[in-house]
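Notes to accompany the following structure.
Protein chains: 2
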Amino acid sequence: MSFALRIRNWFRHRRAIWPPGKGHVQARSAITLDAIFEATIQVLLAEGLNRLTTTRAERAGVSVGAMYQYFPHKQALLYALNERYLEIVAEKVEIACRKHHGAPISQMVDGLVTAYWEAKTERSDVTRALYRSAVELDNDALIEAFAHRVDVATIAMFESASNASYADLPLVNTTLLAVIFGTVRNIFERDLPPSLQDNVREQLAMMCLSYLKAAAFKH
Amino acid sequence: MSFALRIRNWFRHRRAIWPPGKGHVQARSAITLDAIFEATIQVLLAEGLNRLTTTRAERAGVSVGAMYQYFPHKQALLYALNERYLEIVAEKVEIACRKHHGAPISQMVDGLVTAYWEAKTERSDVTRALYRSAVELDNDALIEAFAHRVDVATIAMFESASNASYADLPLVNTTLLAVIFGTVRNIFERDLPPSLQDNVREQLAMMCLSYLKAAAFKH
DNA sequence: ACCTGAACACCGTTCAAGT
DNA sequence: ACCTGAACACCGTTCAAGT
Numbered sequence: 011m012s013f014a015l016r017i018r019n020w021f022r023h024r025r026a027i028w029p030p031g032k033g034h035v036q037a038r039s040a041i042t043l044d045a046i047f048e049a050t051i052q053v054l055l056a057e058g059l060n061r062l063t064t065t066r067a068e069r070a071g072v073s074v075g076a077m078y079q080y081f082p083h084k085q086a087l088l089y090a091l092n093e094r095y096l097e098i099v100a101e102k103v104e105i106a107c108r109k110h111h112g113a114p115i116s117q118m119v120d121g122l123v124t125a126y127w128e129a130k131t132e133r134s135d136v137t138r139a140l141y142r143s144a145v146e147l148d149n150d151a152l153i154e155a156f157a158h159r160v161d162v163a164t165i166a167m168f169e170s171a172s173n174a175s176y177a178d179l180p181l182v183n184t185t186l187l188a189v190i191f192g193t194v195r196n197i198f199e200r201d202l203p204p205s206l207q208d209n210v211r212e213q214l215a216m217m218c219l220s221y222l223k224a225a226a227f228k229h
Numbered sequence: 011m012s013f014a015l016r017i018r019n020w021f022r023h024r025r026a027i028w029p030p031g032k033g034h035v036q037a038r039s040a041i042t043l044d045a046i047f048e049a050t051i052q053v054l055l056a057e058g059l060n061r062l063t064t065t066r067a068e069r070a071g072v073s074v075g076a077m078y079q080y081f082p083h084k085q086a087l088l089y090a091l092n093e094r095y096l097e098i099v100a101e102k103v104e105i106a107c108r109k110h111h112g113a114p115i116s117q118m119v120d121g122l123v124t125a126y127w128e129a130k131t132e133r134s135d136v137t138r139a140l141y142r143s144a145v146e147l148d149n150d151a152l153i154e155a156f157a158h159r160v161d162v163a164t165i166a167m168f169e170s171a172s173n174a175s176y177a178d179l180p181l182v183n184t185t186l187l188a189v190i191f192g193t194v195r196n197i198f199e200r201d202l203p204p205s206l207q208d209n210v211r212e213q214l215a216m217m218c219l220s221y222l223k224a225a226a227f228k229h
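Note that the protein sequences, when read in sequence, are chains A and B. Position one of the first sequence corresponds to residue 11 (my numbering), numbered consecutively onward. Position one of the second sequence corresponds to residue 11 (my numbering), numbered consecutively onward.
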């Protein structure tokens with residue numbers, strides 16, 4: 011059974027034992043959950059992944075027992091944190107894709123790279139911390155789900171392009187996303203000086219565009 | 011003080027206390043070191059990063075004390091393992107770069123992508139395990155050293171191109187490497203089906219080439 | 001000059017008791 | 001329906017003793 015599924019079952023199990031309450035009790039659990047996420051990010055940023063401990067969580071105001079009421083183990087917490095974060099990034103990319111529907115491919119590529127880049131750069135400390143917090147088991151499933159969601163959005167966008175079409179759009183699109191996701195991660199990992207980062211980002215957009223032009227049947 | 015430097019000092023400190031011996035005694039330490047690396051990779055592949063424990067190392071025939079004679083802490087072991095691995099990859103890329111000296115850029119790009127890809131794919135289980143074992147502190151320095159070494163090799167290669175030259179080769183080259191390194195990692199992370207992997211690899215080479223063509227002053 | 005493994009501090013996880 | 005924190009098992013690291 012997959013990791014994501016095991017966690018989902020664990021939640022279901024908990025709800026079966028304690029069916030959801032109402033009003034302030036319900037609110038309390040949401041508050042605790044937010045507090046856990048908040049404390050986790052704080053510790054992650056200030057101390058790093060291997061100093062993310064129960065002791066430090068307690069110092070940050072979250073008791074051990076409370077944590078284990080929401081997550082079956084530490085990995086599940088990190089998994090949920092990544093899921094939450096990727097959700098936000100995916101949504102921003104989807105919005106950008108919808109915005110450029112029917113546009114020429116040059117605008118699409120630019121919009122896509124910009125949206126993804128900005129979603130990652132907005133809180134670059136969090137982005138870097140989460141890149142490093144990669145869950146051991148089933149991290150693949152998380153990445154896969156994210157990649158698929160973005161894939162659907164960008165395919166729909168490129169299909170609507172006013173000035174190009176493709177013999178094998180799925181392949182072209184998969185390549186394009188692998189390149190964008192991968193390159194952005196690489197830049198974060200290398201911690202290049204900001205001005206160079208911007209230049210590389212610009213070159214990346216140019217590179218994607220020249221690829222899309224080379225691979226297209228032009229209209 | 012950087013992590014790499016601290017480790018180097020630690021080694022120096024040890025040698026000061028026990029200056030290097032000769033013959034079979036010297037050989038013994040080399041054998042132990044290899045045994046440690048071997049055991050580490052075995053456990054990493056079989057059990058994963060967070061089950062890489064001293065207990066399991068002992069079961070694999072390496073005593074705790076022996077490990078701490080060679081590495082000041084667990085992170086240092088993983089650091090050394092990554093360093094060793096990147097050393098091999100860098101050398102393969104350098105060889106490929108020398109081989110395509112003076113060739114047309116299409117052959118250069120193809121040779122570069124192929125060399126890097128094959129170096130990573132040769133033991134894809136090890137590659138994936140090491141991607142995940144990223145050291146907390148100073149992993150950047152490791153990646154940076156590797157990137158710089160490859161950078162020097164590829165710049166030298168592209169400068170010798172028979173059919174193109176560039177206004178800003180350092181930027182073009184940095185972009186190209188970020189794209190290749192990043193995309194390959196992304197493909198490993200996503201664990202795409204092998205046939206699709208090959209297709210993406212092919213598209214990647216094509217993409218790099220179309221970028222280099224677009225960015226060049228042609229001869 | 002190097003290896004062994006018991007000892008210790010700390011971390012992940014559980015669970016009885018509380019509200 | 002949710003929270004607390006002491007208790008326990010296990011892991012990273014040290015160090016006295018061995019060869």
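A virtual CB, placed ideally from N, CA and C, is assigned to each residue, including glycine.
Exposure of residue i, with buried meaning 16 or more beta-carbon neighbours within 10 Å
{"i": "Arg200/A", "result": "buried"}
{"i": "Arg195/A", "result": "buried"}
{"i": "Ala177/A", "result": "exposed"}
{"i": "Lys109/A", "result": "exposed"}
{"i": "Phe21/A", "result": "exposed"}
{"i": "Ala86/A", "result": "buried"}
{"i": "Thr124/B", "result": "exposed"}
{"i": "Ile17/A", "result": "buried"}
{"i": "Val182/B", "result": "buried"}
{"i": "Tyr221/A", "result": "buried"}
{"i": "Ala41/B", "result": "This sequence places Ile at residue 41/B; Ala is not what is there. Exposed is the call here."}
{"i": "Trp28/B", "result": "In this prediction, Trp28/B scores a pLDDT of 48, lower than 50, which makes its location untrustworthy; the coordinate-derived value is nonetheless stated afterwards. Under this definition Trp28/B is an exposed residue."}
{"i": "Ile197/B", "result": "buried"}
Option in the options with minimal Cα separation from residue i
{"i": "Asp161/B", "options": "Val136/B, Phe191/B, Leu15/B and Met217/B", "result": "Phe191/B"}
{"i": "Glu212/A", "options": "Glu101/A, Ile46/A, Ser116/A and Tyr80/A", "result": "Ser116/A"}
{"i": "Phe227/A", "options": "Leu91/A, Ala174/A and Leu55/A", "result": "Ala174/A"}
{"i": "Tyr126/A", "options": "Ala215/A, Leu15/A, Asn60/A and Asn149/A", "result": "Ala215/A"}
{"i": "Met167/A", "options": "Thr137/A, Thr124/A and Ala113/A", "result": "Ala113/A"}
{"i": "Gly121/B", "options": "Ser220/B, Thr164/B, Gly58/B and Ala224/B", "result": "Thr164/B"}
{"i": "Arg66/B", "options": "Lys130/B, Ala76/B and Val53/B", "result": "Val53/B"}
{"i": "Ala151/A", "options": "Ala56/A, Glu93/A and Trp20/A", "result": "Glu93/A"}
{"i": "Ala70/B", "options": "Ala45/B, Ala144/B, Ser172/B and Ser205/B", "result": "Ala45/B"}
{"i": "Gln79/A", "options": "Glu48/A, Leu43/A and Val123/A", "result": "Leu43/A"}
{"i": "Ser12/B", "options": "His83/B, Glu68/B and Asp148/B", "result": "Asp148/B"}
{"i": "Arg61/A", "options": "Glu128/A, Ala76/A, Lys84/A and Pro204/A", "result": "Lys84/A"}
{"i": "Leu202/B", "options": "His158/A, Ala144/A, Met118/A and Glu68/A", "result": "His158/A"}
{"i": "Ile98/B", "options": "Met217/B, Ala56/B, Ala144/B and Thr137/B", "result": "Thr137/B"}
{"i": "Phe1/B", "options": "Glu101/B, His111/B, Thr50/B and Cys107/B", "result": "An answer regarding residue 1/B cannot be provided, because it is not within the stretch 11 to 229 covered by chain B."}
Helix, strand or coil at residue i according to DSSP, with G and I counted as helix
{"i": "Phe81/B", "result": "coil"}
{"i": "Ala70/B", "result": "coil"}
{"i": "Ala177/B", "result": "coil"}
{"i": "Leu214/B", "result": "helix"}
Residues that residue i contacts on chain B, provided the C-beta gap is smaller than 8 Å
{"i": "Val136/A", "result": "Going along chain B, no residue has its Cβ under 8 Å from Val136/A, so there is no contact; the nearest lies around 16 Å."}
{"i": "Arg195/A", "result": "Gly192, Arg195 and Asn196"}
{"i": "Arg66/A", "result": "None at all; the shortest Cβ gap to chain B is about 15 Å."}
Neighbouring residues, chain A, relative to residue i (Cβ below 8 Å)
{"i": "Val53/B", "result": "Result: empty, since nearest Cβ-Cβ is about 13 Å, beyond 8 Å."}
{"i": "Met167/B", "result": "Neighbours of Met167/B on chain A: none; closest Cβ ~19 Å, over 8 Å."}
Chain A residues whose Cβ lies nearer than 7 Å to that of residue i
{"i": "Ser220/B", "result": "Ser220, Tyr221 and Ala224"}
{"i": "Ser144/B", "result": "Residue identity check: residue 144/B is Ala in the sequence provided, not Ser. By Cβ distance, chain A contributes Arg142."}
Within chain A, the residues that residue i reaches when beta carbons sit closer than 9 Å
{"i": "Asp150/B", "result": "Glu199, Arg200 and Asp201"}
{"i": "Gln117/B", "result": "Those do not exist, as Gln117/B stays about 18 Å from chain A at its closest Cβ, beyond 9 Å."}
{"i": "Met77/B", "result": "Correct list: empty, because the minimum Cβ distance to chain A is about 18 Å."}
Interface flag, residue i vs chain B, CB-CB below 8 Å
{"i": "Ala157/A", "result": "yes"}
{"i": "Thr184/A", "result": "yes"}
{"i": "Ile153/A", "result": "yes"}
is_contact[residue i, chain A] using C-beta, thresh 8 Å
{"i": "Val189/B", "result": "yes"}
{"i": "Leu59/B", "result": "yes"}
{"i": "Leu214/B", "result": "yes"}
Chain-ordered chain B contacts of residue i [CB-CB under 7 Å]
{"i": "Asn209/A", "result": "Leu181"}
Distance cut-off 7 Å: residue i Cβ against heavy atoms of the ligand MG
{"i": "Pro204/A", "result": "Within the structure as shown, the ligand MG is missing, as the structure has no ligands at all."}
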